[in-house]
Structure formats: structure tokens, C-alpha cells
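*Asks:* Residue numbers for the sequence shown follow this note's numbering, beginning at 353 and rising by one. Beta carbons are placed, not taken as given, at the ideal position from N, Cα and C, and that holds for glycine.
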Amino acid sequence: MSAPGGYIPSIDGLRALAVLAVFLFHLDAAWVPGGFVGVDIFFVISGFVVTASVFSLPAGGLGTFLAHFYARRVVRIGPALVVCLLVSILLSNLFIPPAWLSDANYRTALAAFFGLSNLALSAVAGDYFSPRSEFNPFTHTWSLAVEEQFYLIFPWLIYGYVHTRQAFTRRAGVVVLALLALASLVCCIWWSSTSPMRAFYLLPARYWELGLGVLLWLALPSLQAHLRTWSAPVLMGASLLVAGTVLASLWLVREDAFPYPWALLPVLGTGALLVLLVARPDGPAARIFGSAPMVWLGKRSYSLYLWHWPVFVLMRWTVGLETPAQQACAAAAALVLAMLSYSLVEQPLREAQFIRRATKPKVVLVGLSLVASSAALGFVMFKAQTHLSLSVTRDTATWFPFSQGAKAGQGTCESESLYAPMAGGNLFRYEPRACPPPPPGAPLLYVVGDSHADAYAPLLRRVAEHTGRTVTVLSKGGCSIFNLLTPNRLVSPPCAEYSRAAMDHLTEVLRPGDVLFLPSLRVPRFSEQWKSQATPADWGSPAGAQQQQPAIDEAIAQLRPLAQRGVFIVFEAPKPVFKAPPYRCSDWFNQGNPICAPGLSMPREVLERHRAPALAAIQQVVTALGPRAQIWDPFDRLCTGRDACRAFQGDKPLFFDGDHLSGWGNAILFEDFTATIAPLFVGTAAH
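In C-alpha cells form, the structure reads like this:
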């Protein structure tokens, strides 16, 4: 950076500390539990350095000032970011299957081209520390988006200060900047307790960190004069204290109370350290951070920040990132890519004579045009994923149970999927088109449940096409209306809201003879899409059974009026569940991933014992509801082995992940399901 005394190498050394903290945290959070505050260190440095840089811009009017500022930012940020995004998009489409775990990747990547990925991420369920963030190759661009948004407003705020000599105007400018920073801190405090996602990702709650760097640079002359009066021992003590504070923050901060109050520690420590480094370049802190290795890493910190995260995420998706050997390979690959980016992209374009000779508005215009063109290319690559993918999951009709695989079946007509939001959840209707109409007043099929209701999409759409009847699906991922484990009144508020809205809707629309199908995950799963997990110790125990009874009683109380009205109620019995997700373990490049180690088969006896408590609970409800209720059990159709249940039938997947059906699994169950509900429709007609 440029400073009154020229380039200050220790600033790059401080950048090295920041990127190293983030790098190690992302490689293994246990090593540096608070390493994510490296981003906060970057924010303070960015505010400090960008303020220094505007004083070196040519004199002129506001237009000239803005053109030079934005041209410098475009050249500094744009090329390396665009190259990283395009390569990451290509590799993502080659190796990462679309799924719940990756469904935010597309939006995040395209938003990152325009400095908006923080907005995209703030709208996704799950925070920065959640699985969908950890498996998104573009999550790290949120901090670049915050900085880019800051750069949009910063030159307008600082122009008056830079281009005036009047003390009053400058003081007024400092007051405005300070008030903005204070307002941002207040916003950060408020959002940290009321809206943590916005507090983490959005500029209003992060501006104060960049703003502190700005204010410290403006106050530097007076601070420098004061620090020069300090004796060597005092300076040494202050340097150790401040550097220790910043280092301690890497282990002390807690992610559950962030950014406020825990961001205060690294942010204030970094601010004090910056002042010491610049005001006393001969001090002990400056000598440490200005050492050759630190400066070397700091100069490459931007490229290392860009590349390390996509490398780590792609490793998680493919071979894994758990073993020391895998972590060493990931670290080496990220460092090599960072060095190439710095040498082949960053430096050549910064020093290119044709860019220096070009007018600044032209640099900005051409840069933004290239960014927009690159975003369009990224969009095309995402749309072509089925053709680019190296994964077996590119056969979407076989693998995907959700919208990708819910293609028209081979019935007597076609159907259309219609979506309507419902309070707390989703409502889909599969409407037959150009079909022979059913008899007037013919009963209809309603389906309500969690994501396992959604996973029957191909089967249900095919039912609509074969019967000519509308099929309505109410669903919310992770929220079963009757899981028979926990009463609806005691589940999470979003699930409770969904349960109330779904039951209100069913009470309003269900008529005598209609069929209500209730599929849900009613057993503990052995794996998520991102990890294997143990089964709760009390599952199936007397204590667990005692906890179930209130949920069973609630289900009976809420469903009995529907059965008495003449509605047929069909419970889905628990399907097999597995310890590894087939869609992540079926390719040559991911079969060795540690998540696949438990394998794609389970002993039949284990699964039958595992589901027995849930099956008993369902039977209790069905018995209480009387002849209008029954159980549909797909277990034997999905587990044909005498000794073991397998996630595949030959080379076709029965399951997409550890417990959701695949498209092929839907096809396997279609005849059995229709054989179950057809007599109900016929019986109603006869009645």
C-alpha cells in the first residue's frame, strides 16, 4: 500500500495472517476455531488501505475521481475473481450433482459476478456454518460482495474530504463517516440477536468494520505524532498486547454470537495493530509482519482467498477432505492455483501498459462488459450441466425424485405441475391435461408430509396421468405433520405453522371418498447428505415409546374427524434407510469418499428392528381410526434381499440419498401404490 512514508510491507504481512486464519479454519475448523474472523481482519485492512489509495488519485472533479477509483477497483478485483468463478463453475458442473445440498450454488455463483452473493446467501436456509454453505464452492465470495458494495458508496463519502483544505469541511466529513460506522454497529448489534443471517452477510451490519479502517487512516497523522513519543519498552508492550489480542481472537470467538459481540475483539485489535504498523514502521510488530515470508504470502492473499475455498469444497464433494493426506493435497492445490493466479492474472493486468494508457471510463466499461459476458457464460454452463456432468446422476429421470425427475409418465394423458405457496409450506397440484374426465364428484388424492412427500413426485404425477384425477401435494422439508415422535405443538415454530396450515387446508377441501396419503420419515436417519450419524440411543426404548404416545394421541384426535367424514387415510410405512447417500457414492471420483465408507446396503434384520417402533405407532393410529384407515408398506418392494437391503436394483438406484427415493424407486413402487388406492376410489364410486 502507499502511505506517507511509502509502501508498508507489514500491511501485506497482516493480510497474510488474515488469509492464513481463514485457510486453516476452512481446512479443519478444529485447528483454528475462530479462524473465520480473518475476514473481519480483511475488512478493517480494506477500509484502511482504500482510504490511503484515494489520496494518490489525480486531482480533478468528481467524475474524474470516480472514474479513477472504479477503474482501479475493477482491475484489482475483477480479473482474478472472474477467472476463479468460471473455472469453479465448470468444475462444479463436472463433479457436483444438483441436490438440496447444492441447490444454492447456482444462484450464489451468478450473483458473485455482480457483487451480490451475500444477498443470495442471506436468503438461503442455513447460515455460514451450515452444510449448504460448506458445500457451496462460492460461499466465500460473500465477503468480496460486502467490499464491492462498500466501494460503490465509499468514493462518494470521501470525495469532499480528499478535495478540500477547509478544516471545518474535513471535520464534518469525519463526523459523517463516524456516525455511519456507529449506525452500522448499532445495526450489527440489533441484527445479531434478531436476524443473524443478515447480521453476518449484509453490508449495513458490516460497514462499521470497514469504516473503522477508514477513520483510522484519517486520524493517522495525529496518532503517528503521539506514538512517536512512546519509549521502546512501551511500544514493545503495546505491540505484544495488540498482536496477542488479534491472535487470541482466532481461538476465543464463538460463532453462535457473531458478529456481535465477538467481532469486536479482532476488529478493534486489527485497527490498533494497523496504527502501530504504519505509525511506527520501525517497531517490533512491523518487523514481524514485515518479514519476507509474511509479505510473500500477503501479496498473494487475494488469490489464495479466491482459490482455497473452491478447492476444499470440490474435494469434499469428490475424494473427501477428512484425512491428513487429503488436507495436504487440498492445501497444496490451493497454494499452486493462488500462485498461478497472482503471476498470470493479477500482476500482469495491474502492470499492463495498455490498461494504464486507456482512459479510465473505458477501463470501467470494458471491465464491466467482460464481467457481464463471463456471467452469461457461467449461466450457459449451469444450464448445460446435464451435458457437462461426469456423474451418473446426469440421468435425471432415473436419479432425481423431485422436479428434475418428475417427467410426464406413460399414462392416458399428460399433466401439468402447478405450484402455489401455502402458509409455512408448499402446495403442488398435478393437473391432468387432455384427459378423459373422471366421473362428476370423483374422489381425489391428497398427499401431505415432509420432503418424502415431495420425493414421490414422479409417482404422483403418473397417478394423475393414469387416473385423470388431480393430485394435490402439501409439503415442507423437515416437517412431517404426523411424525408420531413429537406432537405438532412441540415441534419448531416453522413446522408447527406448516402443520396448522396443512390441517386447516385439508379440513376445508377434503370430501367423503377422497384419499389422504401421509408419507414422511418417521424413523431416525442413519445419514444426512453430508455426513453419517448415529441413531439416538433411546429409539425404540420404553422411554422413547413413552415420548411417542402424546404424538400418537394427537394424530388420532386430528385425523378422526376426517375419517368420520368418509375420507380414506393411508399411512406410508417406513422405507429402508441407509448410512451413505447413493448420489454421492456412485461415481469413479467419489466412491472412496469417507462418507461412502458405511456402504450402500444394510442388514434386513437391522432395518426391520429399526422401523418396528414407528410401524407399531402407525398401527396404533390406524386401528383407532377404524376401517377408513390403512397402511401401505413399500418395504418389501424396495428390499428384495432375504438378508440385506440394497440402495440399488441392479445398476439402477432405488434411493437418491440415504432415505429419499430416486426416480427409479418411484417407478418400482407405482404399480403397488396404485393397487392400494384404486380399490378405495372404486369402493367410493360403488358406495
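1. Tell me, to the nearest whole angstrom, how far the beta carbon of residue 369 is from that of residue 393; I am working on the premise that it is less than 8 Å.
2. So, with DSSP's three-state summary, where would you put residue 520?
3. Roughly how many angstroms lie between the CA atoms of residue 666 and residue 604, to the nearest whole one?
4. With distances taken from CA atoms, which of 579, 654, 649 is nearest residue 632?
5. Determine the direct distance from the alpha carbon of residue 774 to that of residue 429, and round the result to whole angstroms.
6. From what residue to what residue does the beta strand (DSSP E) around residue 823 run?
7. Within 10 angstroms of the Cβ of residue 314, are there 16 or more other Cβ atoms? Answer buried if so, exposed if not.
8. Which same chain residues, not among the five before or five after residue 694, have their C-beta less than 6 Å away from its C-beta?
9. Where does residue 784 land, buried or exposed, given buried means 16+ other C-beta within 10 angstroms?
10. May I ask you to report which of helix, strand or coil DSSP gives residue 912?
11. With a threshold of 16 other CB atoms inside 10 Å of the CB of residue 806, please say whether the residue is buried or exposed.
12. Quick one: using the 10 Å Cβ neighbour count with 16 as the cut-off for buried, is residue 1031 buried or exposed?
13. In whole angstroms, what is the alpha-carbon distance linking residue 508 and residue 711?
14. Report the option in 627, 993, 527, 520 whose CA atom is closest to the CA atom of residue 574.
15. Are residue 932 and residue 913 closer than 8 Å when you measure CB to CB?
16. According to DSSP, is residue 991 part of a helix, a strand, or is it coil?
17. Our contact map puts residue 870 next to residue 834 with C-beta atoms below 8 Å; I'd like the distance itself, whole angstroms only.
18. Beta strand (DSSP E) containing residue 921: first to last residue?
19. Over the uninterrupted alpha helix (DSSP H) stretch that includes residue 503, give me the two end residues.
20. Taking 7 Å as the limit between beta carbons, can you name the residues of its chain near residue 564, skipping five residues before and five after?
21. Whole angstroms is fine: what's the gap from residue 664's alpha carbon to residue 379's?
22. What's the call for residue 909, buried or exposed, on a 16-neighbour Cβ count within 10 Å?
23. Between the Cα of residue 794 and those of 954, 726, 866, 468, spot the shortest distance and give me the residue it belongs to.
24. Determine whether the Cβ of residue 651 lies closer than 8 Å to any Cβ atom of chain C.
25. Alpha carbon to alpha carbon, how far is residue 1029 from residue 943?
26. Compare the C-alpha of residue 980 against each of 948, 864, 721, 540 and name the closest.
27. Buried or exposed: which applies to residue 971, given that a residue is buried once 16 or more other Cβ atoms fall within 10 Å of its Cβ?
28. By DSSP, does residue 767 sit in helix, in strand, or in coil?
29. For residue 993, does the count of other Cβ atoms within 10 angstroms reach 16, so buried, or fall short, so exposed?
*Replies:* The short version:
1. 7 Å
2. helix
3. 29 Å
4. 579
5. 42 Å
6. Counting along the chain, residue 823 sits inside the beta strand (DSSP E) bounded by residues 823-827.
7. Absent from the model: residue 314. The displayed extent of the chain is 353 to 1039, so no value can be given.
8. Same-chain partners within the cutoff: 652, 655.
9. buried
10. helix
11. buried
12. Exposed, since its Cβ has fewer than 16 Cβ neighbours within 10 Å.
13. 21 Å
14. 627
15. In this structure, residue 932 keeps its C-beta atom at 8 Å or more from the C-beta atom of residue 913.
16. coil
17. 6 Å between Cβ atoms; contact.
18. 920-924
19. 493-514
20. 396, 399, 533, 619, 623
21. Using only the alpha carbons, I get a separation of about 7 Å.
22. Around the beta carbon of residue 909, a 10 Å sphere encloses fewer than 16 other beta carbons of the protein chains shown; the residue is thus reported as exposed.
23. 866
24. The structure shown has no chain C; it contains just one protein chain.
25. 39 Å
26. With distances taken between Cα atoms, residue 980 lies closest to 864.
27. exposed
28. strand
29. exposed
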